[in-house]
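First residue of the sequence shown: 13, per the working numbering; consecutive thereafter.
The beta-carbon is built from N, C-alpha and C at its ideal position, and this holds for glycine as well.
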Amino acid sequence: VAGIGALLIYPFSIFMNDGSNGEQVEQQAELPLAIDLPDTVLQYRDLVVAACDQNGIPDYVDTILAIMYQESGGRVPHVLQSSDSLGLPPNSLGPEESIQQGVKYFAELLRTGEAKGVDFNTVLQAYNYGAGFIDYVTARGGEYLEELALHFSEEKAAQLGWERYGDPQYVQHVTGKLMGMGSIIST
């Protein structure tokens, strides 16, 4: 049936401040992630599974699919809109190359975020803004806030002379497709 998603339950990691010395502590949680995604996205699930396995992030398949939905809806060949992470022009990759690069880039962001002690939402927003957002949040406490995302967008837009930069509500848009994640979103 077109447009029907799947309900999946799997363990994933979240990083939380332990409160004592500011160190981030990885906590395992099993949350139901109800994926409400169209067939235009779900048709790429096997490619995403393979790319996530190849990049050592098998627990992030549904997150990548939700990113794909936000980036393209699965309706254009460059499904993860990841060419700029290679310094290429927009829409210059086909579906398989886009998935390979997008998953590789997300895995790199996860590793960078973990090394710098930021939360998952910062990493997710960095997929849209670029890795510089991780440093921006690190310098401002290490925790994602909608206000930080908006300020970063405004600063980058002014710096580049653009009307706007990225999507300041990217985290909310992506996690809106991942039911059960509301409890780890900081605003």
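Problem - Contact under 8 Å by Cβ, F145 with F164 - result: yes
Practice task
Check each candidate in V88, V130, Y139, Y81 and name the one with the smallest Cα separation from G188.
Solution key: Y81
Handout entry: Among C64, L92, D71, S97, nearest to T52 - alpha-carbon criterion
Key = L92
Exercise for the section: Whole angstroms is fine: what's the gap from Q181's alpha carbon to L162's? Expected result: 8 Å
Practice task
Assuming N133 contacts Y156 (C-beta within less than 8 Å), just tell me the rounded distance between them.
Solution key: 4 Å
Practice task
Quick one: which unbroken alpha helix (DSSP H) runs of 4-plus residues sit fully inside the stretch 65-116? Chain order, please.
Solution key: 73-83
Problem - CB-CB length for P89 against P101, believed under 8 Å - result: About 13 Å; that fails the 8 Å criterion.
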